[in-house]
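Chemist: Our numbering puts the sequence shown at residues 1408 to 1623.
Note that beta-carbon positions come from the ideal geometry of N, C-alpha and C, so glycine has one too.
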Amino acid sequence: MTGNSGATPALRLGVLASGNGSNFQALAEAIQAGEIPNAEIGILIYNNPDALVRQRAERLGISTQLLNHRAYPRREDLDHDIVSCLKEAQVDWVVMAGWMRRVTEVLINTFPNRILNLHPSLLPSFPGIRAVEQALDYGVKVTGCTVHIVRLAVDSGPIVCQAAVPVQADDTAATLAERIHQQEHRILVEAVALVASGRVQVGEHRVRVLPTLPEN
Ligand code: GAR
């Protein structure tokens, strides 16, 4: 599946997702609609057999692979199989779109500075699980979502895109998460489009986005 016009070599993505997959779908539909002209999704890897994301991928005609983490004694073993699968699919960049497993050096060192993660808070605030609940419990008035380059520490690494979401007085975790999701769908597409444009330079701590060249 590609949004490639044929002119530029496609950026081939491998997406990792664990459950619902609304972000995967937003990304795949944006590519199919031609919003990221030089990107394509080579494979979706999911780890929960019942994950809804598998059905979304099948509807969109994208290859899927189940790698159930329960079958692996160590995180590194799972990551070895993820790497094999991504290599077989000839993937250039990896997108963790709701991947709820910690990743190891096995994956990170195979795709150095080429793994994106999506997280439902304005990092570095509220890393880890239950980020929306953490933000509500803390009483912040603004939270949001982040796409960043993956480093070994959970939810750490140079930030590519963020969006702010104001917290309303009557918000529950569900209502706030719903509004964060809407922004996630937007910034995930934005981040992949930036990467596909070749304008993203990843430093040790920061991502620099090169300016767009003027058209002749
Ligand atoms: C998203 O909110 C994403 O930020 C979060 O899982 C959700 C997946 O939603 N990821 C993490 O919390 C990773 N730390 P989706 O399955 O509907 O795309």
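1. What would DSSP say about Glu1447, mapped onto helix, strand or coil?
2. Go through its chain and collect everything with a Cβ distance to Ala1584's Cβ below 6 Å, but skip five positions before and after it.
3. Where DSSP assigns a beta bridge to Met1503, which residues make up the other side?
4. Which value, in whole angstroms, describes the spacing of the CA atoms of Leu1420 and Arg1586?
5. Hey, out of Pro1573, Asp1577 and Leu1525, whose CA is closest to His1638's CA?
6. Go through its chain and collect everything with a Cβ distance to Ser1425's Cβ below 8 Å, but skip five positions before and after it.
7. Please check the pair Val1561 and Pro1534, which I expect to be a contact at CB under 8 Å, by giving their CB distance rounded to whole angstroms.
8. If you follow the alpha helix (DSSP H) that Gln1439 is in, where does it begin and where does it stop?
9. Determine whether the beta carbon atoms of Ala1433 and Leu1620 lie at a separation below 8 Å.
10. Can you give me the C-alpha to C-alpha distance between Glu1436 and Val1502, rounded to a whole angstrom?
11. For a quick check, are the C-beta atoms of Val1549 and Ala1571 less than 8 Å apart?
12. So, with DSSP's three-state summary, where would you put His1555?
13. From the DSSP output, in three-state form, read off Ala1571 for me.
14. Could you pull out every residue in the same chain whose Cβ sits closer than 8 Å to the Cβ of Cys1492, ignoring the five residues on either side in sequence?
15. Establish whether the CB of Gln1462 and some CB of chain B are separated by less than 8 Å.
Modeler: Short version:
1. Of the three classes helix, strand and coil, the one that applies to Glu1447 here is strand, per DSSP.
2. Cβ neighbours of Ala1584 beyond the five flanking positions: Val1539.
3. Partner(s): Leu1423 and Asn1524.
4. Looking at the two C-alpha atoms, the distance is approximately 26 Å.
5. The structure shown does not extend to residue 1638, since the chain is modelled only from 1408 to 1623, so the question has no answer here.
6. Here Ser1425 has Tyr1453, Asn1454, Asn1455, Ala1458, Val1460, Gly1505, Trp1506, Met1507 and Arg1508 as same chain residues with Cβ atoms under 8 Å from its own Cβ, once five neighbours each way along the sequence are excluded.
7. Confirmed, about 6 Å.
8. That run of the alpha helix (DSSP H) goes Ser1429 to Gln1439.
9. Pairing Ala1433 with Leu1620 gives a Cβ-Cβ distance that is not under 8 Å.
10. Cα to Cα, Glu1436 sits roughly 15 Å from Val1502.
11. Cβ distance < 8 Å, so Val1549 and Ala1571 count as in contact.
12. Here His1555 sits in strand by DSSP.
13. Collapsing the DSSP output to three states places Ala1571 in a strand.
14. If we look at Cys1492 and ignore the five residues flanking it on each side, its Cβ neighbours are Gly1421, Ile1450, Ile1452, Gln1472 and Leu1474.
15. Absent from the structure is chain B; it holds one protein chain and no more.
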